[in-house]
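So the sequence lines, in the order shown, correspond to chains F and V.
When we follow this note's numbering, the leftmost residue of the first sequence carries the number 190, and every step to the right adds one.
When we follow this note's numbering, the leftmost residue of the second sequence carries the number 353, and every step to the right adds one.
For glycine and all other residues, C-beta sits at the position ideal for the given N, C-alpha and C.
Fair warning: this is a prediction, and the values are worked out from it, not measured in the lab.
Notes for the one structure printed next.
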Amino acid sequence: MMREAAPRSRIIGSLRFRLVMGIVLILAVGGVAVAVAALAYGRSAAQQSFDRLLIGAANQIAGSLTLRSGEVIVDIPVSAFELLSLAPRDRVVYGVFGDDGALITGYQTIPVPTGNEVFYNGIFAEEPARFVRVTRQFAERSFLGSVEVIIGQTTEARRELAQQITRNALIAVAAVGVIMSGLAVLAVQSALRPLGRIERDFAARSSKDLTPVDVDVPREISSLVLALNRFIERIDRQLNVMRTLIADASHQLRTPIAALRAQAELASEETNPDRQLRIVGRIHERSKNLSRLTDQLLNHALIIHRADTVDLEALDLRTIATEAVAQIDQSMSDGEEIVRLDLPEASVMCEGDALSLVEACKNLINNAANHGKAPIIVFVRRAGLRARIGVRDHGRGIPEAMWADAGSRFTRNAGVSAKSAGLGLAIVHAVARAHGGRMDIERPSEAAFEVSIDLPGISEGAV
Amino acid sequence: MSRAAISLGLATFATAAFAEPMPEAVKSYGPAEAETSVLVRGTTDIELFEPVLLEFTEGSGDVRIVYEQWGSNDLYLASETDCRTGGATADLVISSSIDQQVKLANDGCAAPHRSDETTALPAVSNWRDEVFGTTLEPAVIVYNKALVADAEAPRSRFDLIDLLRPEDSRFRGRVATYDIEASGLGYMFAFADAQQATTFGSLIEAFGRSGAVATCCSSTIIDGVASGEFLIAYNVLGSYALARAQENADIVVVAPNDYTLVLSRAALIPKRAAEPEIGGALIDFLLSDAGRAALRAANLIVETGGGAQPALRLPENPDISLRPIPLSPALLVGLDQHKRAEFIARWRATFPKDVGDAELP
Numbered sequence: 190m191m192r193e194a195a196p197r198s199r200i201i202g203s204l205r206f207r208l209v210m211g212i213v214l215i216l217a218v219g220g221v222a223v224a225v226a227a228l229a230y231g232r233s234a235a236q237q238s239f240d241r242l243l244i245g246a247a248n249q250i251a252g253s254l255t256l257r258s259g260e261v262i263v264d265i266p267v268s269a270f271e272l273l274s275l276a277p278r279d280r281v282v283y284g285v286f287g288d289d290g291a292l293i294t295g296y297q298t299i300p301v302p303t304g305n306e307v308f309y310n311g312i313f314a315e316e317p318a319r320f321v322r323v324t325r326q327f328a329e330r331s332f333l334g335s336v337e338v339i340i341g342q343t344t345e346a347r348r349e350l351a352q353q354i355t356r357n358a359l360i361a362v363a364a365v366g367v368i369m370s371g372l373a374v375l376a377v378q379s380a381l382r383p384l385g386r387i388e389r390d391f392a393a394r395s396s397k398d399l400t401p402v403d404v405d406v407p408r409e410i411s412s413l414v415l416a417l418n419r420f421i422e423r424i425d426r427q428l429n430v431m432r433t434l435i436a437d438a439s440h441q442l443r444t445p446i447a448a449l450r451a452q453a454e455l456a457s458e459e460t461n462p463d464r465q466l467r468i469v470g471r472i473h474e475r476s477k478n479l480s481r482l483t484d485q486l487l488n489h490a491l492i493i494h495r496a497d498t499v500d501l502e503a504l505d506l507r508t509i510a511t512e513a514v515a516q517i518d519q520s521m522s523d524g525e526e527i528v529r530l531d532l533p534e535a536s537v538m539c540e541g542d543a544l545s546l547v548e549a550c551k552n553l554i555n556n557a558a559n560h561g562k563a564p565i566i567v568f569v570r571r572a573g574l575r576a577r578i579g580v581r582d583h584g585r586g587i588p589e590a591m592w593a594d595a596g597s598r599f600t601r602n603a604g605v606s607a608k609s610a611g612l613g614l615a616i617v618h619a620v621a622r623a624h625g626g627r628m629d630i631e632r633p634s635e636a637a638f639e640v641s642i643d644l645p646g647i648s649e650g651a652v
Numbered sequence: 353m354s355r356a357a358i359s360l361g362l363a364t365f366a367t368a369a370f371a372e373p374m375p376e377a378v379k380s381y382g383p384a385e386a387e388t389s390v391l392v393r394g395t396t397d398i399e400l401f402e403p404v405l406l407e408f409t410e411g412s413g414d415v416r417i418v419y420e421q422w423g424s425n426d427l428y429l430a431s432e433t434d435c436r437t438g439g440a441t442a443d444l445v446i447s448s449s450i451d452q453q454v455k456l457a458n459d460g461c462a463a464p465h466r467s468d469e470t471t472a473l474p475a476v477s478n479w480r481d482e483v484f485g486t487t488l489e490p491a492v493i494v495y496n497k498a499l500v501a502d503a504e505a506p507r508s509r510f511d512l513i514d515l516l517r518p519e520d521s522r523f524r525g526r527v528a529t530y531d532i533e534a535s536g537l538g539y540m541f542a543f544a545d546a547q548q549a550t551t552f553g554s555l556i557e558a559f560g561r562s563g564a565v566a567t568c569c570s571s572t573i574i575d576g577v578a579s580g581e582f583l584i585a586y587n588v589l590g591s592y593a594l595a596r597a598q599e600n601a602d603i604v605v606v607a608p609n610d611y612t613l614v615l616s617r618a619a620l621i622p623k624r625a626a627e628p629e630i631g632g633a634l635i636d637f638l639l640s641d642a643g644r645a646a647l648r649a650a651n652l653i654v655e656t657g658g659g660a661q662p663a664l665r666l667p668e669n670p671d672i673s674l675r676p677i678p679l680s681p682a683l684l685v686g687l688d689q690h691k692r693a694e695f696i697a698r699w700r701a702t703f704p705k706d707v708g709d710a711e712l713p
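In structure tokens, the structure reads:
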């Protein structure tokens, strides 16, 4: 029921999908780059290897040239053509040209380059072919000039070698790509595993389990878990406040209300007007107590709630003390007690929630007024980096044995006294904790009793 | 008589070189009314090749085969002209001048053909899927055992040189070999010999010194051995020699021990063949088991293993000695004008031209 009503978080793609796509993209771009490089490399490697064979054969033929009575004699070594036969399927064409450009031997149809290039491309027998030209100079009495040897070969073997080199390179690249993809998938899975652990932790929880998430997570998502845990803690605290309020209310209010009803029934049955009037007086007295108790219960819940929800701000404790005293003075319209202030000259700054602090201070004053003896002094002090606000009276205060438990609810008498629900110090304690401070109870002298809140202060300069 | 035979051979060659290239003989096989007719040109003698063609036409149904027997140079010239001018051409050319066949393929005059049979060929018998080696014919030494005792008979080139060395050797003037100027095949064998070993130099020197006879044509040479005019013939095509040995028990064929060149007649489909599929089918047949059996029966594949003919003296170590001439562009070197002129000049220098030369018209 709750689940259906809960707003679903918007899903903006999958983390795993994004990672995988990123890796695939990197691999694809890399693969294409390597493929292009492999193609170029394959071509140039094949070109170079076969060009060497070609020029080797041409040099052998050029080396075989001799002169006999002014005539160039070409005695082609068979090894030159055997060299060319290393490209097993390629056609061979050759020509030896004299100084005048006339064919000495070979193919008349061989293409001759126009420029000075050593290697050039052409066509032979309707197939693309690669040609090399080697020039041999003769400086003899009978023959002065140069003889050109041109050899061409079709390019089938070159293309095949280039394809083979490229293909092998691509196979290697593909294999590496597949392996890398596999490793990447493992890496992604391993990286995302902590998220799964958190998910399982939540899935396995009972609906009442609001303990912090306790799983091993890497640094990158520890802050997420930390935030989550703070969030859970806040919910837990607020639920506790609610529970406490309900429990306290049901426990603490039942008895006084029952008593009140009993008195009221008594009053309705009483015929004697004087006694009836006394009973009404008691009813009034009990109603006042009940009202105070309700106030305190609600205040306690409110303050604990505020501690989680309200941002702390820099404030001066002297202002808090003054405000608390002013509010007390108002409520005690009859002016039966006189509360005095003991404030330093300089401001005492700390971070806090003014409302909670004023409420806590009022509670202390009320306690002092109800249980202690005048004069009641509200004081603010500064000790180094600590700030302190408290109330001193001159009564006996709480017995020392109970100091340790003073911050808990209803310890004093596990019920409702005539004048207080016993929540006063619990509220003070809660406020002190919510501000990162503590509640101190002291007896500075025989005739004095002091309850104060010790808070981390901030230096004035920092404000 | 020998002089006459030689001059006749040379004269024939000289006439053929100047005249329009023409087939030496023509014969047809298969049904006369067949729709498809293919033209096969070859250098193989008709009577030798006939059984092979007959077996092919029997298995291939409605195909008529016209077989033209050509001289190797004429066949090359005709094929080359057909290729260049785009004229009507044969559907299959099978020549013993494998260098010329390789040149035709190199110059783009052959159509490729691929089949299970051609891919199964070793690299030396298949160039570019255009030229295929179909036969196995060793270049052999032939002698007449009625005139030469087996113990005396040469088993290698070294033996032959030794036989010719003595001044009073009875082999002087009675050893015959191809005239490499007249015979394309003889030139190719001699050229291959020159690549194989330095023995060749000593051999032609011995030939020159002893007045060996250089003449044309396998049949002339083998006839001479049979008749006793020649005692020994060198570098004769084994297929022809063995065919003759089947008729004449005196003929003994020696595959030389030092090395034996093995020729594989090269078949190619001309680029402009009208029926290249049937040309290819004939190639596949020649390479198939049935075709090989037919070629073996015709002595065109010379058995060098267990089933070798009794007249054939095999080398001691056939695996090393038998050397196929590979179909490769290296064969083009021998066809180079300068190279050929140089080689023939070198041959001529040590092996002076026969007196028969003077009788040329």
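Inter-segment contact for the stretch 419 to 438 of chain V and the stretch 372 to 379 of chain V is present: three or more beta-carbon pairs are separated by less than 8 Å. In this structure, the straight-line span from the alpha carbon of F:His489 to that of F:Leu372 is close to 58 Å. Taking 7 Å as the Cβ-Cβ cut-off, the stretch 265 to 286 of chain F approaches chain V at Ile265, Val267, Phe270, Glu271, Leu273, Ser274, Pro277, Arg278, Arg280, Val281, given in chain order. Interface criterion met: the Cβ of V:His690 is under 8 Å from a Cβ in chain F. DSSP places F:Leu254 in the coil class of the three-state scheme, outside both helix and strand.
Non-local beta-carbon contacts of F:Gly561 in its own chain, meaning distances under 7 Å to residues more than five positions away in sequence, involve Asp582, His583, Gly584, Gly586, Phe638 in chain order. If you check each beta-carbon in the stretch 669 to 696 of chain V against every beta-carbon of chain F, the ones closer than 7 Å belong to Ser680, Pro681, Ala682, Leu684, Val685, Asp688, Gln689, His690, Lys691, Glu694. The alpha-carbon of V:Val654 is positioned some 44 Å away from that of F:Gly311. Within the stretch 598 to 624 of chain V, no residue places its CB atom closer than 9 Å to a CB of chain F. Counting along the chain, the unbroken beta strand (DSSP E) around V:Asn496 starts and ends at 489 to 496. At a cut-off of 4 residues, the continuous stretches assigned as alpha helix (DSSP H) that sit fully inside the stretch 527 to 601 of chain V are 536 to 548, 551 to 562, 570 to 579, 590 to 599. Asn458, Asp459, Gly460, Ala475, Arg480: these are the residues of the stretch 458 to 486 of chain V whose beta carbon lies less than 7 Å from some beta carbon of chain F, given in chain order. Taking a cut-off of 8 Å for Cβ pairs, the stretch 376 to 392 of chain V and the stretch 599 to 607 of chain V do not touch, as fewer than three such pairs fall below it. Here the stretch 514 to 534 of chain V lies against the stretch 562 to 582 of chain V, with 3 or more beta-carbon pairs under 8 Å apart. In the structure shown, F:Tyr296 falls within a coil segment according to DSSP collapsed to helix, strand and coil. In the displayed model, F:Gln326 falls within a strand according to three-state DSSP.
When the five nearest sequence neighbours on each side are left out, the beta carbons in the same chain lying within less than 8 Å of the beta carbon of F:Leu501 are those of Glu540, Gly541, Asp542, His624, in order along the chain. Straight through space, the alpha carbons of F:Arg325 and V:Thr572 are spaced by roughly 46 Å.
Here DSSP, grouped into helix, strand and coil, assigns V:Pro464 to coil. Per the DSSP secondary-structure output, F:Phe320 pairs in a beta bridge with F:Tyr309, F:Gly341. In this model, F:Ile509 and F:Glu388 are separated by some 46 Å (Cα to Cα).
Residues of the stretch 314 to 328 of chain F that bring their beta carbon within less than 7 Å of a beta carbon in chain V comprise Ala314, Glu315, in sequence order. Listed by position along chain F, the residues whose Cβ is nearer than 7 Å to that of V:Gln547 are Val267. In the DSSP secondary-structure assignment, F:Leu504 is bridged to F:Cys539.
Taking a beta-carbon distance threshold of 8 Å, F:Val338 does not count as an interface residue toward chain V. Counting along the chain, V:Thr612 sits inside no alpha helix (DSSP H); it lies in the beta strand (DSSP E) bounded by residues 612 to 615. For F:Asn461, the secondary structure class from DSSP, reduced to helix, strand or coil, is coil. Contact check between the stretch 662 to 678 of chain V and the stretch 257 to 272 of chain F: fewer than three CB pairs, one atom from each, fall below 8 Å, which does not count as touching.
The bridge partners DSSP lists for F:Ser335 are F:Gln326.
For V:Lys455, the CB contacts under 7 Å within the same chain, skipping 5 residues up- and downstream, are Leu684, Leu687 in chain order. Per DSSP, V:Asp688 lies in no beta strand (DSSP E) segment and is marked neither H nor E. The continuous stretches of alpha helix (DSSP H) do not include V:Asp502, and DSSP gives it neither H nor E.
Against F:Thr355, chain V offers no close residue; the least beta-carbon distance is about 23 Å (beta-carbon pairs closer than 9 Å). Shown here, V:Glu387 sits in coil according to DSSP, grouped into three states, outside any helix or strand. With a threshold of 8 Å between beta carbons, F:Thr294 makes contact with chain V. Look at V:Ser477 here: in three-state DSSP terms it is helix.
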